[in-house]
Each structure stands twice: as structure tokens, then as C-alpha cells.
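**Q**
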Amino acid sequence: MSLTDNIETDGFDLKALLDPEAAGEVIRVMQICNACRYCEGFCAVFPAMTRRRQFDEGDVSYLANLCHNCGACYHACQYAPPHEFGVNVPQALAAARNDSYAAYAWPAPLAGLFRRNGLFVTLGVSAGLALTVGLMLAMIAPQLFWGIHLGEGAFYRIMPHTMMAAVPLAISAFVLVSFIMGWRRYWNHTGAKWGGFPDLVDAVKASATLRHLGGDTSSRIFSGPGCPTGDDGSSNARRIYHQLTMYGFLLCFAATSVGTIYHYGFGREAPYGYFELPVVLGTVGGIILCIGTAGLFVEKRRLHTAVRHNEGLGMDYAFIVSLFFVSFTGLLLLVVRETSFMGVTLAIHLGVVYGFFLILPFSKFVHGLYRFAALIASAGEARRS
Amino acid sequence: MPNEITSPIIEKSWDIIVIGGGNSGVCAAITAAERGCSVLVIDSAPRDMRGGNTRHTRNLRVMHDEPTDVMTGRYSFEEYWEDLMRVTKGVTNEHLAEITLKSSQTLMNWLGERGVRFQAALSGTLNLSHTNAFFLGGGRAMLNALCRHAETIGITFIYDAEVTDIELENGFCEAIDVEWQGQVLQLNCKQLITAAGGFEADLDWLAEGWGDAAKNFLVRGTPYNKGKVLRVLLDRGAQPVGALDQCHAVAIDARAPKYDGGIASRVDAVPFAIVLNKNAERFYDEGEDFWPKRYAIWGRLVAGQPDQIAYAIIDSDGVKRFMPSVFTAITDNSIEGLANQLGLNPKLAKKTVDVFNAACPDGPINQMSLDGKATNGLTPEKTNWSAPISKPPFYGYPLRPGITFTYMGVAVNDRAQVLMQGGKPAANLFAAGEIMAGNILGQGYLGGVGMTIGGVFGRIAGAEAARVLNR
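Protein sequence lines correspond, in order, to chains A and B.
According to this note's numbering, the first sequence is numbered sequentially starting from 511.
According to this note's numbering, the second sequence is numbered sequentially starting from 24.
(1) So the candidates are B:M72, B:G456, B:S413; which of them puts its Cα closest to the Cα of B:T375?
(2) Rounded to whole angstroms, what is the Cα-Cα separation between B:Y420 and B:R81?
(3) Below 8 Å, how does it come out for the stretch 221-239 of chain B and the stretch 91-107 of chain B: are there three or more Cβ pairs, yes or no?
(4) Considering only residues of the same chain and omitting the five flanking positions on each side of A:S717, which have a CB-CB separation below 7 Å?
(5) A:E891 CB to nearest chain B CB: under 8 Å?
(6) Please give the ranges of any alpha helix (DSSP H) in the stretch 559-604 of chain A, keeping only runs that are unbroken, at least 4 residues long and fully inside the region.
(7) How is A:Y880 classed by DSSP in three states: helix, strand or coil?
(8) Going by the CB atoms, is the gap between B:A489 and B:R97 shorter than 8 Å?
(9) Smallest Cα separation from B:L134: which of B:S47, B:D71, B:A68?
(10) Quick one: which unbroken beta strand (DSSP E) runs of 3-plus residues sit fully inside the stretch 269-340 of chain B? Chain order, please.
(11) Using alpha carbons as the reference points, say which of B:D71, B:G481, B:I176, B:I28 lies closest to B:C60.
(12) Flag this pair as yes or no: are the beta carbons of B:A450 and B:L442 separated by less than 8 Å?
(13) Looking at the ligand FMN, does it come within less than 7 Å of B:K125, judged from the CB to the closest heavy atom?
(14) Apply the 10 Å Cβ neighbour rule to A:N698 and answer buried if 16 or more other Cβ atoms are within range, or exposed otherwise.
(15) Thinking just about the alpha-carbon of each residue, which of A:L761, A:H752, A:Y666, A:A804 is nearest to the one in A:L860?
(16) Counting C-beta neighbours from all protein chains within 10 Å, is the total for B:Q440 16 or more, i.e. buried, or is it exposed?
(17) Which residues in the same chain have their Cβ closer than 6 Å to the Cβ of B:Q466, if we skip the five residues on either side of it in sequence?
(18) Distance, Cα to Cα, A:F522 vs B:M391?
(19) With 9 Å as the limit, tell me which residues of the stretch 538-552 of chain A have their beta carbon closer than that to any beta carbon of chain B; keep them in chain order.
(20) Could you name the residues of chain B that A:S745 contacts, counting a contact when the two beta carbons are closer than 7 Å?
(21) Taking all protein chains shown into account, do 16 or more other C-beta atoms lie within 10 angstroms of the C-beta of B:I216, making it buried, or fewer, making it exposed?
(22) Using only the alpha-carbon positions, how far apart do B:A123 and B:G481 sit?
(23) Under the three-state reduction of DSSP, which class applies to A:D826: helix, strand or coil?
(24) Counting only the same chain and skipping the five closest in sequence on each side, list residues whose C-beta sits under 6 Å from that of A:H664.
(25) Taking buried to mean at least 16 other C-beta atoms within 10 Å of its own C-beta, is A:M646 buried or exposed?
(26) Answer yes or no: do B:M431 and B:A266 have a C-beta to C-beta separation smaller than 8 Å?
(27) Look at the alpha carbon of B:N368 and the alpha carbon of B:I320, and state the distance between them as a whole number of angstroms.
(28) Is the CB of B:V49 under 8 Å away from at least one CB in chain A?
(29) Closer than 9 Å, Cβ to Cβ, to anything on chain E: give me those residues from the stretch 701-728 of chain A, in chain order.
(30) Using alpha carbons as the reference points, say which of A:V817, A:N579, A:V789, A:I542 lies closest to A:L723.
(31) Report back the beta-carbon spacing between B:W314 and B:P329 to the nearest angstrom; my notes put them in contact at under 8 Å.
(32) Out of curiosity, what's the CA-to-CA distance linking A:W656 and A:D826?
(33) Using a Cβ-Cβ cutoff of less than 8 Å, which residues in the same chain neighbour A:F556 once the five nearest sequence positions on both sides are dropped?
(34) CB-CB under 6 Å to B:A484, same chain, minus the five flanking residues each way: which ones, in chain order?
(35) Cutting at 6 Å between CB atoms, please list the residues of its own chain near A:N516, excluding the five before and the five after it.
(36) How far does the alpha helix (DSSP H) with B:D377 in it extend, from its first residue to its last?
Written out as C-alpha cells, the structure is:
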């Protein structure tokens, strides 16, 4: 009998959405942590834990999605292996967190796509790419496809605007419904409560600064110690690269939105001049997105083995790499848009973008959704307690 | 035979060797290295378990004149002094105590400048926000930061290395023997700082002070503090200080591991419970004072009971009043059933609970203050928070004495030099931390003062050792 057999891990309200073993390990570990609490200054997970005496499956999912996997608590832990309590909070929460993505996936029959997610995302993006490029090659006359097109509406001579817009519109509708359903399932399962606008503001602030990846909740933006790189150092690199990725993505999204307004609002067709708003936003966004994703890839590989959740790596890498290609091919298109390679580059870029957005609800992207929901709930709990 | 791992350690002529890689040892090493000394730190634990009891600590007790970003109010020298005198009942070296308290003021900044981060005290911290500075992430995070700094300024660490002998003649240390990497190495140094902790993990040694009772003790502290260096020093003529049976002992869950259970093994039920011994009798006022102030006496109290076991019994109202513990309470819908599960005589246990309940005053208790809700005509009396144990289900926690660290050590002077029998200071031998804490802590305990003694005397030892070398 192990000495922690007395720690109760059964009897929780099992809604059987999560793997019982993964959820059980979180509950075992949280029971130890809740009697120690030395880590309460690191992030939002531990204050949320102290507001509970017992943990059900919804709590497990909530705490798991609140965790940013920085590893500070592992390296600070007096009960980490080889101690017989064998506490590894980041690992336990990562396993449950990965599990939760599948648990909330909509449509539910596709939840299995989270299992071998690296493979699926790669195949999904590749299929989007192959299909788009193949269709365009088949449908467009070679002299048009490999021709040089200049001036307003140049892109639409390769692919009519209606089609270029209709495909993402259909995809967006699916993605949006999927996100809403996922959010609802998460919200109900974790028993989160809407506490009002201030909670939302706090969650936005926490996301905007990635407050909880700084290794010290009270620190200002980059004055925190950052994520430990083992027990002998720490760095803010992951936090910085993540924010470059996030803001890069948002800027690219803004570029597309502004372009849409130009198109429908002012009747002005792409491509736009190098110093026009959609291009500036897209260029800046694309560059920092490339830097951010490349940096995250490197940092992911450097993550301490005790903190890194190996089963989730495929999902992480596939997402980072496909996001890199979304922005890289966009930048490439900007460079070659006045050459005969515009057609093929446009096809590749659109293919990657379509593929990427289609698999969005079944990719690592959902971490942002559930983490944001968890941050709202955590802000509300903190305010009410 | 020396190999490529051991030879650089053997061949180097170290200015200073520090035995023990916890708070006091690393503070000493950093202080000396910053003055230009070459320093080797030897820790008997493997790297993952390094640093003695520092791994289990959480804060320092710091004197401060005004609020800081992590401490509220003011903690004056006078208040600190009164607190120390109250718990030690005056069994202290007043000169060394005064140095400790006054030097505590600069310790926090000194640590902060070397990478240690502090946090505002939040929950579960025994209301110490005006007296204690809390490490962000606790003692292990604090030690990681210090060791990281130590390595960047060139200090060498070896782990899993046990000091087996110190060649000490007339108060002068020539060399030490170290078992490391499967070999016994002789290392030379000009100055030796011993910061190797107490002997809490040596149950036989504890039995010299406590008798057979010691075999039922649990050791909350590190299993690596077996007092081997302390034993060598005493055998080689160092002057002992402190009583053999004095230690930091709290009542912990009897189901905790034999060693290394740390903070999570604690049970905070006592003030809202009644505590029975194995004969199902109460033996002490559970509500004497706030738990933080009584926490450290219950180890000794339980140690004084037959078979060193006791049982806290509480009902479903009381169980919500304290921090959850690691081990789930033993639960039953009747007192007799609970007693059965705990191995107590059900009739006697029921009678004790009934008598207690009958002696409880009316009205609700107020756990935020000493509410004076005392029992009426009961022996021993429960002076605060007396509420009947009447609402099932009932909960029980078995308790045992949990030893964190021992106080008996070597006597030192205000330069942290070890005093030899007769009172003469050793020429090049210093001590810091638990191994000399008994100079100041003759008995009792004040939360966070152990880390303060370690930090203060670590810095003194490092500075004095460097000074002797004209650094």
C-alpha cells in the first residue's frame, strides 16, 4: 500500500467526460497541494484551489484550463519526485487539460480527432492545401495561373472573389458554432458562473499580458521571473513568443477584416498598396506571427522534461507549425504578388488558411477558448471571495 | 582512486568548505565567495532533495520599522524580543539573540538582491503577515534562486556527499573526510563552515533524550539530517549547547510518512476538536490559544501520552473551520462507530464526548477571536471555542508527534566560531543554521525564526571566515 492511498481520489462527481485516471491524479495532487499552499503566489490555479475543499471533475477541468504549464510550481515543490508523494502539478493538469479538449469538442463524434491530433492537423491542413491548389490548377487556364496580374482585383483574376469569400464564410460559420457549443459544454461542466463585466475585463487583462505565465501573479508585465528552465534558471521567452503569436494572429485577423470593409464598404479591391492599412497590419502581424511561432517551437523543445506533457506534443507542434505556414505563405504572397508566381503562391496561401481554419475547433487553438473562460471564472471567484 | 569527476575537487586547495547546502550554508558560501574566496559546498542529499530542511520552510521572521511590499505594519525589535523571550522562557544566549533580531532587518533585501523572490502573505499562513516575509513558492524556490546565484559567482556544489570525519586538533581544522562517488576523499581547506543541520532523522539519537517514545515519532523534516557532522564536532571537543530533547515538534497526522512529510502532514483541527489519548481521555486544553500560537506545543503533548498517539475528534460543523489536510478524516455517523474505527474503547469515547458536550456553554463560537466559550467544570478545561460535538457525521484524525528539527547543537560566539570545551573558540571552524540554533532557541518556537538564525549566522560565518583570510 502506498502512503498516499489514504488520499481520497474516488467518490467525486464523475460525469465521465474526462479520463478517470487523469482526473483522479489531479484530485490526489490537489489534496496534497491544498494542505501545503506554498505555491499560491505563482498563478491563478492555487488561489482557485484554496477556494475548494473537495474537487469534482468539473473542478479538475477548470484548474487544468487555468494552468499555463509554466512549471514554476514543479521546481518549487517539496513533494516533487523523488519524494514519495510524487507531486507534479503541471503534468497532472496537462493530461487533464488535453483530455478536456476532446470532452467539449463539437460535434462530439469528432472528439476523437484530439487523440492523434498532430497527425490529424497535419493531414487536415495538407488536404486543404492540396484541394485548393489542385482545384485551381484544374479550373484555371495555365496562362492565367502563371500570368502576371497587376492592379486592383489582381487576385480575383485567379480566383473569383465570391468563391474566395464564400469558402471561409462557410468555414467560419461552422467554426463559430463549434466554439459556442464547446464553450457551453465547458461552462456547464465546470459549473462556472457569470459574475459580470468586471470579470471579463480582468480576463482580458490577464490574457493581454499573459499574467499567469510570469511565475509571479503580482509582477508587472515582464518583471516576473518567467517560466523556469529547470530549477536553475527562468526566462520570459515563452511568454514573449506566445504574445507575439497571439498579437500577430490578431493583427492578421484585423488585416482581413479591414480588407473586407475596403471591399464591401468602399468598393476597393485587393491587392492594396504596401502602405495601406490592410497590408501594414498583415505584414506586421505576419512577421511577428512567424517570429512568435518559431520561438514557441524552440521553447517547446527546451521545456523541462518533467513539465512537458509528451502526449500533447503532437498537437502543440502541429498547431504551431501550421500557424507559421499561414503567416509565412501570406508574407510570401506579398513578396511575389507582382510576379508570375502570384497564382501558385495565392493558391498555397489560401489552401493553408482554409485547412487551418477548418480544423480550428479540433486543434490546440481551443486552449485559448477554455483558458479565457477559466480566467473569467477565476476573476469572478476572486472577487466574490 | 580519483577520477575525472573527483580529481578537480580533491586537487583544489579550497579557501572555504561549507558542509551543508541549505539556507545557512548557501548564505555563508555566497558571502565568502563575494569576498573573493574559493568555496566548495558539500550536501549529503542528492541534488533533487538538496538543502536540508530549507525545502520545507516558507518564510523568515523579519524585524522592520515600516510596512514593506510583502509585510504589513511594523515589527519592532522590542516586540520581536518579547516574542522570543516568551517562547524560549529566557533559555537563550541574549547576546546572540540580539544580533539575530537586529541583523534580520537587512536579511530580506540581501536575499532579494541575490534572486530570492518574496510574496504577500495570502491564505493558510497562520496570520504572520506583519512578522514574516514569505518566499514566493516556498523554501525550495528560495533555495533554487540562491543556489543559482551561488553557481553564477563560481561556487562549486557536490551532492550525495557525506562528511565522515573532521580532523580537528586544538580547535584547528586540517582536513575533512568525505564519502563521495563511492570513494572516501580527504579534502583540505583553510576554513571550515559547518551548516549541516540537526539530528532529527536519527531516531536512536532522539531516543537518548526521549527514551523509547522516540520510536513512535514521525520526522517531518528531511531524512538527511542525521546529525553526523554534529556528532563528529562533539566527539572532537566542541562544546554542546541546548537540551537533547528540545526540538520543533508539532502534532501531525499519524498516517504521514515516517520521514519528510513536511507542512502537508499537519492537522489544524485541534482548536475546534477534542483530543483524546488512547485511553479515550482528554489531556489538555485544546482551545488555549489561537492555533498558530499553540501549533508547536502539541507535538510535545502527544509525545507525553501513552504510545505517543492521540485522536482529534470533531463534528461536521467543526470540520469546516480549518484548512483541509492531506489525509481524509476517518468518518462515522456515531461517536461509538468512529471510536471503533480509531481503535478506541467506544463506551469510554462516547462518555468523554458526552461529558464534554454537557460542559459546553450555549451559543455559537467565534473562531476569529479568543471567544471565551469555556467549558464549565471540566478537567482539563477547554477555554475557548467549546461547542458540542453533536452533529454527525463525526470525523477523526489520528495524531503523532512530528519532529521538524532539533535544537541541541554546538556553542558559538558572535563571530559564528565554534566554541571548544572550556569556552575557547576554534581557530578556523564556524557553524551556522540548525547545528547552532540551540544557542538562541533553548526551547519553544517562533515561526520563521529558524530561517532567520540560519541566514544571519550563515552570513556572519561566511564573512568571518573570509576575514580571517584577509578577504
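Note that CB positions come from ideal geometry on N, CA and C, so glycine has one too.
Quick caveat: nothing in here was measured; it's all calculated off a predicted structure.
**A** Taking the definition as stated:
(1) When the alpha-carbon of B:T375 is set against those of B:M72, B:G456, B:S413, the nearest one is in B:S413.
(2) In this model, B:Y420 and B:R81 are separated by some 25 Å (Cα to Cα).
(3) At 8 Å Cβ cutoff, the stretches do not touch.
(4) Within the same chain, A:S717 has close Cβ partners F882, L885.
(5) Against chain B, the CB of A:E891 has no partner CB under 8 Å away; the residue lies outside that interface.
(6) Runs of alpha helix (DSSP H) with 4 or more residues, each lying fully within the stretch 559-604 of chain A, are found at 567-576, 582-585, listed in chain order.
(7) Here A:Y880 sits in helix by DSSP.
(8) Result no, Cβ atoms of B:R97 and B:A489 do not sit closer than 8 Å.
(9) Closest option to B:L134, Cα to Cα, is B:S47.
(10) Those beta strand (DSSP E) runs which fall completely within the stretch 269-340 of chain B and span 3+ residues are 270-276, 297-300, 333-337.
(11) The shortest Cα separation from B:C60 among B:D71, B:G481, B:I176, B:I28 belongs to B:I176.
(12) Against a cut-off of 8 Å, the Cβ pair of B:L442 and B:A450 comes out as no contact.
(13) For the ligand FMN, the structure offers nothing, since it holds no ligand at all.
(14) Here A:N698 is exposed. Its C-beta has fewer than 16 other C-beta atoms within 10 Å.
(15) Ranking the options by Cα distance to A:L860, first place goes to A:Y666.
(16) Per the 10 Å Cβ criterion, buried.
(17) In its chain, beyond the 5 residues on either side, T111, V114, Q269 have a beta carbon closer than 6 Å to the beta carbon of B:Q466.
(18) Any reading at A:F522 needs caution, since the residue's pLDDT is 37, under 50, leaving its predicted position unreliable; the model's value is listed next. A direct Cα-Cα distance of roughly 31 Å separates A:F522 from B:M391.
(19) Residues Q541, I542, C543, N544, A545, C546, R547, Y548, C549, E550, G551, F552.
(20) Taking the beta carbon of A:S745 as reference, no residue of chain B falls within 7 Å; the closest one sits roughly 12 Å away.
(21) Residue environment: B:I216 is assigned as buried (16 or more neighbouring CB atoms within 10 Å of its CB, all protein chains considered).
(22) The sequence given here has Thr at residue 123 of chain B, not Ala. Spanning the two alpha carbons is a distance of roughly 11 Å.
(23) It is helical.
(24) Residue 664 of chain A is actually Ala in this sequence, not His. Correct list, in chain order: P781.
(25) That one is buried.
(26) Yes.
(27) Straight-line Cα distance between these residues: approximately 26 Å.
(28) With 8 Å as the cut-off, B:V49 does not count as an interface residue toward chain A.
(29) Judged by its chain identifiers, the structure shown contains no chain E, and its protein chains are A and B.
(30) When only C-alpha atoms are compared, the closest one is A:N579.
(31) Under the criterion of beta carbons closer than 8 Å, B:W314 and B:P329 do not qualify as touching, at roughly 24 Å.
(32) Their backbone Cα atoms lie some 36 Å apart in a straight line.
(33) Around A:F556: C543, R547, C549, E550, C583.
(34) A51, I216, A439, F453, A455, listed in sequence order.
(35) Note that A:N516 has pLDDT 40, beneath the 50 cutoff, so the model's placement of it is unreliable and no number is given.
(36) First-last of the alpha helix (DSSP H) with B:D377: 369-382.
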